[in-house]
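Peer 1: Have a look at this one.
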Amino acid sequence: MRKYLITMRLSASRAFDGGLLYILSGYLLKSASLIILLLLWRALAQQGADLGGFTLEQLLTYTLLASVLSEQLNVITPATTAFWEGAIISRYMRPLPVLAQMMAETAGSWLPGLLLYSIPTVIIASIAGLNPGGALLSNTGFTFLALTHTGPLAALVNGLLFLISLLLAISLGFAMDFIFASLVIYVKNASYQAYQIRRAIVALFSGALIPFALLPWGMGRIFEMLPFGSTASAPLLVFIGAGGNPIRLILLQLFWNLVFWAAALILFRRSEERLVSYGG
Amino acid sequence: MTGISGKGLCFAVSNIKRLIQLWGISAKLDLLWFLRDTKYCLMTMFADVVASLSSFVGVFLLAERFGNIGGMNRDQILFMLGYASIVNGVITMCFSMNNVAWISRPVGRGQMDHKLIQPVPLWMQLLTEGFIPISGSSFLLCGIGITCYATGRLGLAPGLLWILLFIVLIICSVAIILGCSYIASSLAFYAPVAAEEISTTVIALFNDLMIFPLGGLSAVLRMALCTVVPIGLAAWLPANFLLGQSGVAQVGVVQADATHVGAIQVGAPQAGATQPDLRGVIILIMTIAVAMLAATSFRKGMKYYVKRGSTRYHDRGHRS
């Protein structure tokens, strides 16, 4: 375990190699996008729009969490970049399984974001009147457990379900990234193009930017069943207590995890045989 | 006096000839890539289209669901998204090769030296070396298609003046995005590692936010987003100006279908042709201001770079 923690620490400190400006400019962009989206939802609510069954507070909390947990809800490991840059070879020389060290590196790279963006943003949002904790406490969606009341017990169950859902989302995100990285090995030089397409798919199908309930023509119902929905939409819906039965969402996440991890391991093993690396 | 202006005219003509020559060379290089590596070139074009459309689809679907966002109806939003695609398409086609739009990269990496040893002025290189008319055309063509479709749905019959105004506004929007990128990139002269990717952040800021109709925001925020952080000038305000929602912007536009008139006039009531339209003035003033600020800050940074050079390379040639 210690070697993974050291890998995480190294990865976390590497984020600061480019200086504070390098790291803060990305957070500035995220903050600006978040503010615009929050104001957009507020303006829509003010014009009396039907928010797809969400209350305004739920919608704002959903958007806030999607932003502060963006790295966890859209997992991008160093795998693709390592293939592209030829640095993958160095991962094979370390005394750790390749996939596991990439997961540790990724988790480590989240730490600066959590400290410098996520926590401050949640604090500022709470001061401004948007308190995610409040949303969790007032979440009364679990009628199947007869926990329709609010209070500490309901909040505890809600929090636990959210945590399980978030962990499953992260796990699925890793599996998806490794499948994607395996495919990148096949397309060789076109890894950037493949990355662009992946980014496009995630932006639309994960529900991180726009909640599925706000999409027209009942598209959200279909998107919710797709694996991408289990990476972002599911944990966010569990947190705010929307989207129906949280157990159904978690079971769906579990199913996709089993399918995608099996596929990821098989594909990665096969792709390794085709791996060509120059430089590093 | 006549001699000086004649000399100036000759200089301008020779510069234009040289620019056309250089654009031709860039176009030829791009064509060669397409012919030699057609599969990857087509993949790039496809990826560009998918990536760009996906960001717009979200806003369009919201417009479809709600009918009206920020004072714009579905077709107007589609028009704005088409406009935004054209702006991004022009940047992709004319300024994406060699990181011309993402200038903090060559600055931060100490690659301005490569440009300084060329027998062509720097401004001319920046204007021409990013040109990729084949591999970079997909986005622009998409944008033109979306805009034409939206124009048809809105029942507009654009005249020549309107089309000219459209082109001028596109140039202004492109200039504002590139100007902001260059202003921020000037930091890379002084902090090459920290600011190497700052133009990526600036352009991403525009890409992510220019697609939203900002009409629902408060007047103060709208003004801030059109001046301090001029995201609104990249698509929202020019599209509004072109649609003539509340002012005199309907230069040469004939509303062909009376049934669409209501849709076009979603904003404030028509003010009449005698009142000045502040939107056009804001766009023009801001374009000039951003361009001047970009030129000044970049020139200042270049002076610093010429004296100090890049500190990022070790003796053995590796970049830190």
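Chains V and P, in that order, are what the protein sequence lines are. What the first sequence shows, in the working numbering, is residues 127 to 406, in sequence order. What the second sequence shows, in the working numbering, is residues 479 to 798, in sequence order. Every residue gets a Cβ at the ideal spot worked out from N, C-alpha and C, and that includes glycine. Treat the numbers as computed from the prediction; the structure is a model and nothing was measured.
Between which two residues does the alpha helix (DSSP H) harbouring residue 643/P extend?
Peer 2: By 1-based counting over the second sequence, the position of residue 643/P is 165. Its alpha helix (DSSP H) spans residues 638-663.
Peer 1: So is residue 184/V in contact with chain P if we call contact Cβ pairs under 7 Å?
Peer 2: In the first sequence, counting from the first residue as 1, residue 184/V sits at position 58. It does not; no Cβ of chain P falls within 7 Å.
Peer 1: Is residue 547/P helix, strand or coil by DSSP?
Peer 2: Here residue 547/P refers to the residue found at position 69 of the second sequence. Correct three-state label for residue 547/P: strand.
Peer 1: Out of 241/V, 163/V, 136/V and 210/V, point me to the one whose CA is closest to residue 312/V's CA.
Peer 2: Residue numbering aside, residue 312/V sits at position 186 when the first sequence is read from its first letter. For the residues 241/V, 163/V, 136/V and 210/V, the minimum Cα distance to residue 312/V belongs to 210/V.
Peer 1: Residues in the same chain with beta-carbon distance under 6 Å from residue 495/P, minus the five sequence neighbours each way, listed in chain order, please.
Peer 2: Taking the second sequence and counting its residues from 1, one reaches residue 495/P at position 17. None.
Peer 1: Could you tell me whether the segment 542-558 of chain P touches the segment 621-632 of chain P, where touching means 3 or more Cβ pairs closer than 8 Å?
Peer 2: The segment 542-558 of chain P is in contact with the segment 621-632 of chain P.
Peer 1: What does residue 695/P touch in chain V if you count any residue whose Cβ is under 7 Å from its own?
Peer 2: The residue given as residue 695/P occupies position 217 in the second sequence. Chain V residues near residue 695/P: 165 and 169.
Peer 1: Can you check whether the CB of residue 305/V is closer than 7 Å to the CB of residue 390/V?
Peer 2: To locate residue 390/V, count along the first sequence from 1; it is residue 264. To locate residue 305/V, count along the first sequence from 1; it is residue 179. Yes.
Peer 1: Report all residues from its chain with a CB closer than 6 Å to the CB of residue 243/V; omit the five preceding and five following residues, and keep chain order.
Peer 2: Here residue 243/V refers to the residue found at position 117 of the first sequence. Result list for residue 243/V: 153, in chain order.
Peer 1: Does any residue of chain V bring its CB to less than 7 Å from the CB of residue 575/P?
Peer 2: Position 97 of the second sequence holds residue 575/P. Not closer than 7 Å to any Cβ of chain V, the Cβ of residue 575/P fails to qualify, so no.
Peer 1: Whose C-beta lies closer than 8 Å to the C-beta of residue 217/V among residues of the same chain, with five residues either side of it excluded?
Peer 2: If you number the first sequence from 1, residue 217/V lands on position 91. Closer than 8 Å at the Cβ level, and outside the excluded window around residue 217/V, lie 208, 224, 227 and 228.
Peer 1: Go ahead and label residue 732/P buried or exposed: buried means 16 or more other beta carbons lie within 10 angstroms of its beta carbon, across all protein chains shown.
Peer 2: To locate residue 732/P, count along the second sequence from 1; it is residue 254. With a pLDDT of 41 at residue 732/P, under the threshold of 50, the modelled position of that residue is not reliable, and the figure given next carries that caveat. Result: exposed.
Peer 1: Based on the DSSP output, what are the partners of residue 294/V in its beta bridges?
Peer 2: The residue you call residue 294/V lines up with position 168 of the first sequence. Paired residue(s): none; residue 294/V is not in a bridge.
Peer 1: For the segment 205-221 of chain V, which residues have a beta carbon sitting closer than 7 Å to at least one beta carbon of chain P?
Peer 2: Answer set for the segment 205-221 of chain V: empty.
Peer 1: Decide if residue 461/P is buried, meaning its Cβ has at least 16 other Cβ atoms within 10 Å, or exposed.
Peer 2: Because chain P here runs from 479 to 798, residue 461/P falls outside it and cannot be looked at.
Peer 1: Applying the 10 Å Cβ sphere with the 16-neighbour rule, what's the burial state of residue 282/V?
Peer 2: The residue given as residue 282/V occupies position 156 in the first sequence. Exposed is the call here.
Peer 1: Residue 361/V: buried (16+ other C-beta within 10 angstroms of its C-beta) or exposed?
Peer 2: Translated into positions along the first sequence, residue 361/V becomes position 235. Per the 10 Å Cβ criterion, buried.
Peer 1: May I have the straight-line CA-CA distance separating residue 681/P from residue 353/V, to the nearest angstrom?
Peer 2: Translated into positions along the second sequence, residue 681/P becomes position 203. Translated into positions along the first sequence, residue 353/V becomes position 227. Residue 681/P and residue 353/V: Cα-Cα distance of roughly 30 Å.
Peer 1: Can you give me the C-alpha to C-alpha distance between residue 317/V and residue 179/V, rounded to a whole angstrom?
Peer 2: For the purposes of this step, residue 317/V is identified with residue 191 of the first sequence, where counting begins at 1. For the purposes of this step, residue 179/V is identified with residue 53 of the first sequence, where counting begins at 1. Their backbone Cα atoms lie some 40 Å apart in a straight line.
Peer 1: Any beta-carbon of chain P closer than 7 Å to the one on residue 145/V?
Peer 2: On the first sequence, residue 145/V is found 19 positions in, with the first residue counted as 1. Interface residue, yes.
Peer 1: For a contact defined as C-beta to C-beta under 7 Å, what are the partners of residue 543/P on chain V?
Peer 2: Residue numbering aside, residue 543/P sits at position 65 when the second sequence is read from its first letter. What residue 543/P touches in chain V: 340, 341 and 342.
Peer 1: If you run the structure through DSSP and keep just helix, strand and coil, what is residue 576/P?
Peer 2: For this step, residue 576/P is matched to residue 98 along the second sequence. Three-state result, residue 576/P: helix.
Peer 1: Along chain V, which residues have their Cβ under 7 Å away from the Cβ of residue 690/P?
Peer 2: By 1-based counting over the second sequence, the position of residue 690/P is 212. Correct list: 162 and 166.
Peer 1: Can you give me the C-alpha to C-alpha distance between residue 778/P and residue 590/P, rounded to a whole angstrom?
Peer 2: Residue 778/P sits at position 300 when you count from the first residue of the second sequence. Residue 590/P sits at position 112 when you count from the first residue of the second sequence. Spanning the two alpha carbons is a distance of roughly 14 Å.
Peer 1: What's the call for residue 737/P, buried or exposed, on a 16-neighbour Cβ count within 10 Å?
Peer 2: As a position in the second sequence, residue 737/P is number 259, starting the count at 1. Reliability of the predicted coordinates at residue 737/P is poor, the pLDDT of 39 falling under 50, and the value obtained from them is presented with this limitation in mind. By the 10 Å Cβ count, residue 737/P comes out exposed.
Peer 1: Closer than 8 Å is the cut-off here; do at least three beta carbon pairs connect the segment 174-188 of chain V with the segment 687-703 of chain P?
Peer 2: No, the segment 174-188 of chain V is not in contact with the segment 687-703 of chain P.
Peer 1: Can the beta-carbon of residue 386/V be found closer than 7 Å to that of residue 302/V?
Peer 2: For the purposes of this step, residue 386/V is taken as residue 260 along the first sequence, with counting starting at 1. For the purposes of this step, residue 302/V is taken as residue 176 along the first sequence, with counting starting at 1. Yes.
Peer 1: Residues of chain P with a CB under 7 Å from the CB of residue 325/V: which are they?
Peer 2: Counted from its first residue, the first sequence places residue 325/V at position 199. By Cβ distance, chain P contributes 529.
Peer 1: Per DSSP, what kind of secondary structure is residue 724/P in: helix, strand or coil?
Peer 2: Taking the second sequence and counting its residues from 1, the one referred to as residue 724/P is at position 246. Residue placement at residue 724/P is poorly supported in this model, since its pLDDT is 41, which falls under 50; the coordinates still yield a value, given next. Coil, per DSSP.
Peer 1: Closer than 6 Å by C-beta to residue 338/V: which residues in its own chain qualify, once you throw out the five before and the five after it? Chain order, please.
Peer 2: The residue labelled residue 338/V in the question sits at position 212 within the first sequence. 346, 349, 350 and 359, listed in sequence order.
Peer 1: One question on the structure: do residue 671/P and residue 145/V come within less than 7 Å of each other, judged by their Cβ atoms?
Peer 2: Numbered from 1 along the second sequence, position 193 holds the residue referred to as residue 671/P. Numbered from 1 along the first sequence, position 19 holds the residue referred to as residue 145/V. Closer than 7 Å, so yes.
Peer 1: Below 8 Å on the Cβ atoms is my guess for residue 570/P versus residue 155/V; work out the distance and round it to an integer in Å.
Peer 2: Within the second sequence, residue 570/P is the residue found at index 92, counting from 1. Within the first sequence, residue 155/V is the residue found at index 29, counting from 1. Not confirmed; about 20 Å, so no contact.
Peer 1: Are the C-beta of residue 553/P and some C-beta of chain V separated by less than 7 Å?
Peer 2: What you label residue 553/P is simply residue 75 of the second sequence in a count that begins at 1. Not one chain V Cβ lies under 7 Å of residue 553/P.
Peer 1: From residue 375/V to residue 596/P, what does the alpha carbon distance come to, in whole angstroms?
Peer 2: In the first sequence, the residue the question calls residue 375/V occupies position 249. In the second sequence, the residue the question calls residue 596/P occupies position 118. For residue 375/V and residue 596/P, the distance between alpha carbons rounds to 60 Å.
Peer 1: Using the beta-carbon of each residue, which ones in chain P are nearer than 7 Å to residue 152/V?
Peer 2: For the purposes of this step, residue 152/V is taken as residue 26 along the first sequence, with counting starting at 1. Under the 7 Å cutoff, chain P gives 679.
Peer 1: Is the CB of residue 522/P under 7 Å away from at least one CB in chain V?
Peer 2: Stepping through the second sequence from its first residue, residue 522/P is reached at position 44. Chain V, which has a Cβ nearer than 7 Å to the Cβ of residue 522/P, makes this yes.
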